[in-house]
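A quick write-up on the structure given underneath.
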Amino acid sequence: MSRRDELLALLVNLSDNDLRRVGAFVESLQRDPARAAWAYDFIAHFEHAAKTASRDAAGMEIKIGDAICDGIARAALWEHPPVSGSASVSYLVPIPHGLRGAQLKFAIGIRDGSELPADRFIAFRVLVNDWKLWSAVKSSRAWQDHSVAMPQLGSDVARIEFVTDGLGDNRWNWAVWGEPRLIGQIGNLPNTFKGDEE
Numbered sequence: 002m003s004r005r006d007e008l009l010a011l012l013v014n015l016s017d018n019d020l021r022r023v024g025a026f027v028e029s030l031q032r033d034p035a036r037a038a039w040a041y042d043f044i045a046h047f048e049h050a051a052k053t054a055s056r057d058a059a060g061m062e063i064k065i066g067d068a069i070c071d072g073i074a075r076a077a078l079w080e081h082p083p084v085s086g087s088a089s090v091s092y093l094v095p096i097p098h099g100l101r102g103a104q105l106k107f108a109i110g111i112r113d114g115s116e117l118p119a120d121r122f123i124a125f126r127v128l129v130n131d132w133k134l135w136s137a138v139k140s141s142r143a144w145q146d147h148s149v150a151m152p153q154l155g156s157d158v159a160r161i162e163f164v165t166d167g168l169g170d171n172r173w174n175w176a177v178w179g180e181p182r183l184i185g186q187i188g189n190l191p192n193t194f195k196g197d198e199e
């Protein structure tokens, strides 16, 4: 028995009231079709990322793992900058055709145990295709959640970089990016239900 035959058998046994409700549901889908959700998890694709330093890599540490900031644990990209310059984790992200409403979601934090003084900051930056999309400086430990609207990505692949910089002093710069993801919607779902015409 095909899936269509199974559905038709179920419909035959519905009451008139339930059939009206099913009909209203199908009509609502035809008027306002749902969009397919899409996501790219940067932690899951970490092994494919390029990890570089803007100068000498001495002192740089880049890895993934759980990070605790102000007592709260999250899966994270650890990105301790080098002694001099910045650290970069760069991804080539395949962008599906028709992606709309893309948002980059992440948190930034400084891991518990860091003795970073309150008057010293770590710079966090996000670059998209070599353009700075977002930046902030931080000295507090707690996670800060961010959601950044992405520009319309016209290519099949976008280069997205997560950058940290000790701003001249890398001691205690235990910088982490919590749960970084790119999310969006891909076009409209196709209307696959075609009822018999009356």
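By the count of my numbering, the sequence shown reaches residue 199 at its end, each step adding exactly one. Just so it is clear, CB atoms sit at the ideal spot from N, CA and C, and this is done for glycine as well.
- Residue range I123 to V129 is occupied by the beta strand (DSSP E) that includes V127.
- By the CB criterion at 8 angstroms, L12 and L20 fall inside the cutoff.
- For I65, the enclosing beta strand (DSSP E) has its first and last residue at E62 to C70.
- By the neighbour-count criterion, in which a residue is buried when 16 or more other Cβ atoms sit within 10 angstroms of its Cβ, G99 is exposed.
- I123 places its beta carbon less than 8 angstroms from that of V138.
- In the same chain as D157, and ignoring 5 residues on each side of it, the C-beta atoms closer than 7 angstroms to its own belong to P95 and I96, in chain order.
- Taken atom to atom, the span from the alpha-carbon of Q145 to that of D71 is near 11 angstroms.
- Under DSSP, E80 forms a beta bridge with I63.
- Per the Cβ contact rule, the segment 100-115 is in contact with the segment 168-184 (3 or more Cβ pairs under 8 angstroms).
- By the neighbour-count criterion, in which 16 or more other beta carbons inside 10 Å mark a residue as buried, N174 falls on the buried side.
- The three-state reading of DSSP puts F107 in strand, counting E and B together.
- If you check the CB distance, I63 and E48 do not come in under 8 angstroms.
- Beyond the five residues adjoining it in sequence on each side, S89 comes within less than 6 angstroms, by CB distance, of T53, E162 and V164 in the same chain, given in chain order.
- When the Cα atoms are used, N171 and G114 turn out to be separated by approximately 15 angstroms.
- Taking 8 angstroms as the upper bound for CB-CB distance, A74 and I44 are not in contact here, some 14 angstroms apart.
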